[in-house]
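In order, the protein sequence lines correspond to chains V and H. The first sequence begins at 62 in the working numbering and counts up by one. The second sequence begins at 62 in the working numbering and counts up by one. Backbone N, C-alpha and C fix where the C-beta goes; we use that ideal spot for every residue, glycine too.
Number of protein chains: 2
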Amino acid sequence: MDRKKVGEELLKRLGREKVLTDELDLMYYSYDSSFLTKLKPVPPLAVVLPKSTEDVQTVMRFAYENGINVIPRGAGTGETGGCVAINDGIVLDLSTFDEIVEIDVSNMQVIVRPGIVHAQLNKELAKYNLFFPPDPGSSQMCTVGGMVANNASGLRAVKYGCTEQYVLGLEVVLPNGDIITTGGLKSKAIKNVSGLNLTKLMVGSEGILGVITKIRLRCWPKPKARGIAMAVFDNLDDAPATVLEVYQAGIMPSGIEILDSSAIEAVNQFKPEIGLPAAEAILLFEVDGNPPSVEYEGNTIKEIASRRARLVEWATDPKRMAELWEGRSVTAAAAARVRKDGSRIFAGEDISVPLSKVADTLRAIRKLGDKYGIKVVNYGHIGDGNVHSAPVINPENPEEVEKVQKLVHEIHLLAIEMGGTTTGEHGVGVVRREYAQLEHGLAHKYMQEIKKVFDPKGIMNPGKLI
Amino acid sequence: MDRKKVGEELLKRLGREKVLTDELDLMYYSYDSSFLTKLKPVPPLAVVLPKSTEDVQTVMRFAYENGINVIPRGAGTGETGGCVAINDGIVLDLSTFDEIVEIDVSNMQVIVRPGIVHAQLNKELAKYNLFFPPDPGSSQMCTVGGMVANNASGLRAVKYGCTEQYVLGLEVVLPNGDIITTGGLKSKAIKNVSGLNLTKLMVGSEGILGVITKIRLRCWPKPKARGIAMAVFDNLDDAPATVLEVYQAGIMPSGIEILDSSAIEAVNQFKPEIGLPAAEAILLFEVDGNPPSVEYEGNTIKEIASRRARLVEWATDPKRMAELWEGRSVTAAAAARVRKDGSRIFAGEDISVPLSKVADTLRAIRKLGDKYGIKVVNYGHIGDGNVHSAPVINPENPEEVEKVQKLVHEIHLLAIEMGGTTTGEHGVGVVRREYAQLEHGLAHKYMQEIKKVFDPKGIMNPGKLI
C-alpha cells in the first residue's frame with residue numbers, strides 16, 4: 062500500500078487529530094538519538110498518536126491485514142534506531158498516551174500508560190513517599206513505555222536493578238490485534254509465579270513482539286537520605302579494586318560512577334571552574350537509605366577508598382553533593398565539545414563488561430581511539446561494568462565517519478571478547494543487531510522462533526533486536 | 062516403549078551408576094511434598110542421575126527420538142507435583158549434579174550446577190562476604206536448580222525479590238538435545254539487554270521448556286547486621302496497616318511475617334513454653350544492613366507498630382532474636398499437630414493477594430474452614446501478600462479428603478477474586494494448572510505457543526504449569 066493510501070486509511074479509522082501524514086511532521090520521526098539515524102534518517106509512512114488501547118488495536122488490525130510494519134515509539138531518546146521505521150511502516154507515537162491510571166499506595170504499585178515521562182511519574186509518586194527506582198540519564202524526557210521496551214536502567218541499577226525488576230504486569234496489543242495481560246488478568250499481587258513469565262519476556266523486547274499499552278509497576282519506599290563520596294586515583298586499576306572492597310564491606314551503594322582520564326580532561330576543558338583534579342580515574346559513590354546508615358556507609362567508603370586514592374571526599378550537604386557530582390553530570394555535554402569542529406556521536410556507547418575487566422577495557426578503548434585517530438571520552442556505571450564511550454568526530458567529514466564506524470565495531474567486539482555485551486542498558490535496535498548471533502549463538506534461533514509466535518507476519522518493528 | 066526397554070536403553074547409554082530401574086528406587090520418585098502425589102503417587106519409567114550436561118543431552122536425545130516424557134527433579138521438596146511423572150516418563154534427578162563451578166568474587170557472581178543445595182551454596186559464599194538472597198523455607202534441602210525452575214523466594218522476597226532477580230544466565234538442554242546459553246554465550250556481565258530475555262522466560266518455567274544444567278547467579282554483599290521486631294495486635298486489620306506505615310517511613314524490611322490467630326493457637330498448643338500472646342495477629346519484622354541502620358530501622362518500626370499494637374519488642378541480641386522468631390519457625394510443625402489424628406496437607410498453601418486484601422483474605426479463609434469443618438492454620442509473608450494456609454485433616458478419612466479438596470479449590474478462587482494469584486512462590490505444577498486459563502486469559506494461549514517452540518513433541522514435563 063502506498064504512503065498516500067496508508068495515510069487515508071488511517072485517517073478514516075482514527076480521525077485527523079490522531080494521524081500525522083504531513084512531510085514535515087514525518088521528518089521529525091525519521092531519526093532518534095542514534096548516530097545511524099542521524100546519518101540516514103527514514104521517515105515513516107504515517108504516524109499515529111493513539112489515546113487508548115483500542116486505538117492501538119485499530120492500527121494493528123489494519124497493519125496486520127495489509128502487511129504493513131508498525132514501529133512503537135516513546136520519546137525518541139533511544140540511541141539504537143529502535144523506534145525508527147527503517148524498513149518503512151507506521152510509527153505509533155505513544156508519548157501522548159500518558160495517563161497515570163492509578164497510584165495504589167496501599168499495594169505499593171502504580172498503573173500507567175506507556176507515554177508517561179519518567180521524571181513526571183517519580184514526581185507524582187514522591188507525594189506518597191514512593192519511587193520507581195530506575196533512573197536513566199534521559200529521565201526528564203524518556204517515557205516509561207520506552208524504558209520497559211528497552212529494559213532501561215541508569216545510575217542506580219547497581220543497587221536497584223533494571224526496569225524489569227519493577228514490572229509486575231503489562232497489557233500488550235499483539236500484531237494480530239489480540240490484547241493480552243501479562244502477570245495475571247486482574248492481579249495486583251506483588252509476588253506471582255503462575256504461568257510462563259511473559260512479563261519479563263516483553264520487557265526489553267524493543268517492540269518486536271507487540272505494543273505495550275498499560276504497565277503495572279512495583280514502587281519502593283523512597284529513602285530519606287543520601288550522600289556522595291568522590292575518590293581520585295592516580296592508577297586506573299585502583300578504581301575497580303576499590304569498588305570491590307566496598308562490596309566486600311557489605312555495602313551496596315545506590316550508584317558507582319567512573320570518569321577516566323579522557324572524561325576528566327573533557328570536563329576540565331568544558332568547565333574549568335569545576336576544577337576536577339587531573340587523574341587516571343575519579344569514582345563517585347552515591348549511597349542512600351536512612352540517615353545513620355548513609356553516614357555509616359559514607360564514612361566506610363571514605364576509609365576504604367583512602368587506602369588507594371590520592372583524595373577522597375564525603376558529603377551529605379546538598380550543595381556540596383551537587384558540586385561533587387557536577388563533573389559527572391556535565392560529562393556528556395563536555396564530551397560533545399572536546400573538539401571545536403566535532404560532535405559526540407551515539408554509537409558504541411553502551412558496552413557492559415565484568416567489573417574485573419573494566420580497567421583493561423578502558424585502556425583498550427583508549428588504544429583503539431589512538432589507532433583510528435579519534436578522541437573517545439569514557440565514563441559510566443562502573444558498579445555494574447557498564448561503560449559509556451563517546452567518540453568525538455566531525456560528522457561532516459566522510460573519512461571520519463567511515464573511521465568511527467570501524468572504531469565502534471572494534472569496541473563492540475572488544476566488549477564480547479572481555480566477557481561482556483555490546484549493550485548494558487541502551488538496547489540493540491538496528492545498530493547492534495549484527496552482534497546478536499555472536500552474543501547468543503544457538504539461543505538466537507529460539508529468540509527468532511518466539512518472535513514468530515507473536516508476530517507471524519513479521520510486521521512488528523522488523524529489523525530490530527534479533 | 063515399555064518400562065523394561067526404556068531402562069535397558071538408558072543403561073546402555075549411561076551405565077549402571079547413573080540409571081535407576083529398581084521398583085523400590087522408583088517408588089521414591091513417585092511423589093513430592095504435594096498432597097496430590099501423596100494421595101496418588103506415580104513411579105517414573107526410570108530415573109537418571111546425570112553428572113554432566115552431556116548426560117542430560119543423551120537422555121533428551123533418546124527421549125526425543127522415542128517420544129518419551131522427561132521430568133526434571135531437584136530435591137523433591139516442591140508442593141505442586143511438578144517433578145513427578147504423572148503422565149509416565151523418565152525422571153532426571155539433578156540433585157547429584159551439584160558442583161559449584163566457580164565463585165567469581167571479583168565479579169560478584171557464582172556459577173553452579175543445578176543440584177547444589179541452597180544452604181550449602183550460601184555457606185560457601187559467606188566465606189567471601191557474599192550471599193544469594195532468596196531464602197526458601199526448604200533452604201537446607203532444596204536445590205538451586207529447583208529454585209530457578211520454580212522462581213522460588215521465601216522470607217526475604219519483600220526486600221530482595223525472587224530468584225529471577227539473581228539469575229544472570231543459564232545453560233539449558235532443550236528437548237531436541239540442543240544446548241543453549243541464555244544471557245550471553247560467554248558473558249559475565251551483570252547488566253545485559255542484548256536479545257530477548259530467555260533467561261527470565263526459563264526462570265519459573267517448571268521444567269516444561271528444557272533442562273537447566275548450569276546457572277550463573279548474581280551475588281550480593283552480605284549485610285553485617287540484622288534485628289527482629291515482634292508486634293502483637295488485637296485487631297487483624299492493624300497488621301497490614303502497620304506494614305504500610307513502615308513502608309511509608311522509607312523502610313524496606315528484609316522480611317515481614319504474619320501469624321494469624323489460627324497460627325498463634327497452633328504454636329501455643331504445640332509448644333506452650335514459647336508463650337506467644339493470644340492475639341488476632343502477630344507481625345515479625347526482620348531488618349538487615351549495617352549496624353546503625355538496623356538500630357535506626359528497628360526503633361522506627363517499634364515506634365510505628367506501637368501506635369496500634371498491644372505489645373512490641375525489638376531485639377538485636379542473637380538469643381532474643383531467635384526467641385522472638387521461634388513462633389514463626391515452628392508454625393509449620395505446629396500446624397501439623399493441631400489435631401492428634403490429623404496431618405497438615407500441602408494444598409492451597411501458597412496464595413498471594415494484594416497487601417490491602419490480606420486481612421479480608423484471612424477472614425475469608427477462616428470462614429471457608431468453618432464451612433467445611435476443617436481447621437486451617439494461616440501464616441506467611443505479609444510483606445508481599447503471600448499467605449501460606451495449612452489445612453489439617455485426617456488423610457485416611459475419604460470424606461475429609463473430599464471436603465478438603467473443595468476447600469482448597471475455594472481458597473484458590475478466593476485468591477483470584479481478591480486480585481491475587483493461586484501461587485506466590487511454590488509454583489503451579491499439576492495442582493494449580495486448572496487455574497491457568499482463569500488467571501491469564503488469552504495470554505495463556507501464547508504461553509502454550511511458546512512451549513511448542515521449545516518442545517514441539519510435548520515431551521518436556523507435560524501436564525504442568527500451563
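- Chain order gives no chain H residues near residue 119 of chain V, where near means a beta carbon separation below 7 Å; the closest approach is about 18 Å.
- Using a CB distance cut-off of 8 Å, residue 440 of chain V does not count as an interface residue toward chain H.
- About 20 Å separates the beta carbons of residue 276 of chain H and residue 446 of chain V, which is beyond the 8 Å limit, so they are not a contact pair.
- Between residue 396 of chain H and residue 327 of chain H, the beta carbon gap of about 5 Å places them in contact (Cβ cut-off 8 Å).
- Pairing residue 309 of chain V with residue 97 of chain H, the inter-Cα distance amounts to about 45 Å.
- Taking 8 Å as the CB threshold, residue 445 of chain V lines the interface with chain H.
- Excluding five sequence positions before and after residue 192 of chain H, the CB atoms of its chain that fall closer than 7 Å to its own CB belong to 183, 186, 280, 281 and 283, given in chain order.
- In the DSSP assignment, residue 243 of chain V falls within the unbroken beta strand (DSSP E) covering 240–243.
- By the criterion of a C-beta distance shorter than 7 Å, residue 285 of chain H is surrounded in its chain by 351 and 352, once the five residues flanking it on both sides are discounted.
- Rounded to the nearest angstrom, the Cβ distance from residue 422 of chain V to residue 366 of chain V is 21 Å, too far for a contact under 8 Å.
- With the rule of 3 Cβ pairs closer than 8 Å, the segment 470–481 of chain V does not count as touching the segment 386–401 of chain V.
- Judged by DSSP in its simplified three-state form, residue 161 of chain V adopts strand.
- Counted as a single uninterrupted DSSP element, the alpha helix (DSSP H) harbouring residue 301 of chain V occupies residues 299–309.
- Put simply, the backbone Cα of residue 506 of chain V is about 33 Å away from that of residue 115 of chain V.
- Residue 294 of chain H carries a strand assignment under DSSP once its states are collapsed to helix, strand and coil.
- Of all residues in the segment 465–483 of chain H, those with a C-beta nearer than 8 Å to a C-beta of chain V are 477, 480, 481, 482 and 483, reading in chain order.
- A Cβ of chain V is located within less than 8 Å of the beta carbon of residue 242 of chain H.
- Interface with chain H (8 Å Cβ-Cβ cutoff): residue 450 of chain V is excluded.
- Between the segment 397–413 of chain V and the segment 463–472 of chain V there are three or more C-beta pairs closer than 8 Å, enough to call the two in contact.
- Annotation: Cβ neighbours of residue 357 of chain H in chain V (cutoff 8 Å, chain order): 351, 352, 353 and 354.
- The beta carbon of residue 72 of chain V lies closer than 6 Å to those of 80 in the same chain, with the five residues before and after it left out.
- Comparing alpha-carbon positions, the option among V/293, V/440, V/420 and V/317 lying closest to residue 372 of chain V turns out to be V/293.
- No Cβ of chain V is located within less than 8 Å of the beta carbon of residue 273 of chain H.
- For residue 345 of chain V, there are no neighbours in chain H by C-beta distance under 7 Å, as the nearest C-beta there is about 18 Å away.
- The beta carbon of residue 413 of chain H is closer than 8 Å to those of 445, 446, 447, 448, 476, 481, 482, 484, 485 and 486 in its chain, skipping five residues each way along the sequence.
- Interface flag for residue 299 of chain H against chain V is unset, since no Cβ pair is found closer than 8 Å.
- Under the Cβ criterion (8 Å, minimum of three pairs), the segment 236–247 of chain V does not count as touching the segment 231–251 of chain H.
- The alpha-carbon of residue 260 of chain V is positioned some 30 Å away from that of residue 162 of chain H.
- Put simply, the CB of residue 429 of chain H is far from chain V, with every gap to its CB atoms at 8 Å or more.
- Looking at the DSSP output, residue 324 of chain V shares a beta bridge with no other residue.
- Runs of alpha helix (DSSP H) with 4 or more residues, each lying fully within the segment 345–432 of chain H, are found at 352–367, 379–390 and 392–396, listed in chain order.
- The straight-line gap separating the alpha-carbon atoms of residue 355 of chain H and residue 287 of chain H is approximately 6 Å.
- Contact between residue 175 of chain V and residue 227 of chain V is absent: CB atoms are separated by about 15 Å, not below the 8 Å threshold.
- Shown here, residue 193 of chain V sits in coil according to DSSP, grouped into three states, outside any helix or strand.
- For the segment 100–162 of chain V, the continuous alpha helix (DSSP H) assignments of 4+ residues that do not extend past its boundaries occur at 114–127, in sequence order.
- The C-beta distance from residue 70 of chain V to residue 123 of chain V rounds to 6 Å, short enough to fall under 8 Å.
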